[in-house]
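Mapping of the sequence shown onto the working numbering: position 113 corresponds to residue 528, and the numbering continues sequentially without gaps. Right, one structure below, let's go through it.
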Amino acid sequence: MKTFAYPPPTDGKPFRLTLGLRELHAKEWFEAGSDVEEQLRQRRELVESSREIVYQQLSGHREAITYFMDRILENLTTHHSEYNASGRTLTHIPSNVTVDLSGENALIELAKVLVEDICLLHHSDGQWRLVAGVVVFPSRWDLREKIGKTIDEIHQPVPSYGEQLEPLLSDSFDRLSSERPVWRRNWSLHTTSQLHEPRFSGERATPENYWWRTERQTLTKSPDGKYLLFTIRNRAEPFSWIKEDAVAAQAFAETLRTLSDSILDYKRIREDKAALINYLVN
């Protein structure tokens, strides 16, 4: 039986925007998986061909980046046997790729050996602002348009964000502790398995050819409380796997029925809502 890494919700409850933050254990900061080698191959290609799209970094945050690079090196070599480090060089053993994380390009170099995308947020003037990032697998958003913006500005396109999440997000980030990182997950339905999608592809698909896309996100705060490292582990799995469990398919159909038109438009599934529900229940 084929199973999702993070399956569709099966409680049948109405959809609503939530943070859903959970405690993150050190050994689970970064995730392995059968898709790692192929994702790393794609990432290395995109870093070379689309660097200006996948990588942005404002000046003045080198010290924070160095701090987090050291924490990442320590974590990978402690909890993941497929990595080896010497000083600030990191080798992904299966692909025999070594990168140097000591220079100005540490973030973009890391993207060649780590499947997680990374964003760095800085707290200043009472706001959390995106100051650096390497986002090789964006889900219909463009890093070039988000760099330098506050988290509220970044999330303005999300329907109901102002009512449901804006009052909570900054406060939740403020209250995070460097000793207690957290994680959350997010989902979407895509018509293509392509993970690098800074713009909606416009492709159409029948329900059985949709893809279940998930983002497993983590948040780790620096000891001085001024920075947050945000990681995103992206996956695209065949949506048809849900038909392996009729109960789960029925429950997710109930959730889909509750999505507002604005959410359906945001997720780009309004035209196919009825077809998707019919596919799930029959």
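Every residue gets a Cβ at the ideal spot worked out from N, C-alpha and C, and that includes glycine.
Take Phe654 as the anchor and find which of Val597, Asp485, Trp627 has the nearest alpha-carbon.
-> The sequence position of residue 654 within the sequence shown is 239, counting from 1. Among Val597, Asp485, Trp627, the Cα nearest to that of Phe654 belongs to Trp627.
How many angstroms separate the CA atom of Ser465 from the CA atom of Glu612?
-> The count along the sequence shown starts at 1 and reaches residue 465 at position 50. The count along the sequence shown starts at 1 and reaches residue 612 at position 197. Using only the alpha carbons, I get a separation of about 12 Å.
In angstroms, rounded to a whole number, what distance separates the CA positions of Leu634 and Cys534?
-> Your numbering for residue 634 matches position 219 in the sequence shown. Your numbering for residue 534 matches position 119 in the sequence shown. Rounded to whole angstroms, Leu634 to Cys534 spans 10 Å at the Cα level.
Inter-residue Cα distance where the pair is Lys641 and Leu584 = Here residue 641 refers to the residue found at position 226 of the sequence shown. Here residue 584 refers to the residue found at position 169 of the sequence shown. Those two C-alpha atoms are separated by around 16 Å.
Residues of its chain near Glu497, where Cβ-Cβ distance is below 6 Å and the 5 sequence neighbours each way are ignored | As a position in the sequence shown, residue 497 is number 82, starting the count at 1. Answer for Glu497: Ile508, Pro509, listed in chain order.
3 or more residues per run - each beta strand (DSSP E) lying fully within the region 482-511 = 498-501, 504-507
Note the first and the last residue of the continuous alpha helix (DSSP H) segment covering Lys636.
-> What you label residue 636 is simply residue 221 of the sequence shown in a count that begins at 1. Not the alpha helix (DSSP H): Lys636 falls in the beta strand (DSSP E), residues 626-636.
Give the DSSP-derived three-state secondary structure of Asn601 in the structure shown.
-> Position 186 of the sequence shown, counted from the start, is the residue given in the question as residue 601. Asn601: strand per DSSP, three-state reduction.
Quick one: any contact between the region 596-609 and the region 432-442, if contact means 3 or more CB pairs under 8 Å?
-> yes
Gln665, DSSP secondary structure in three states = Within the sequence shown, the letter at position 250 stands for residue 665. Helix, per DSSP.
In chain order, what residues of the same chain have a beta carbon less than 7 Å from the beta carbon of Thr607, not counting five sequence neighbours either side?
-> The residue labelled residue 607 in the question sits at position 192 within the sequence shown. If we look at Thr607 and ignore the five residues flanking it on each side, its Cβ neighbours are Ser616, Glu618, Trp626.
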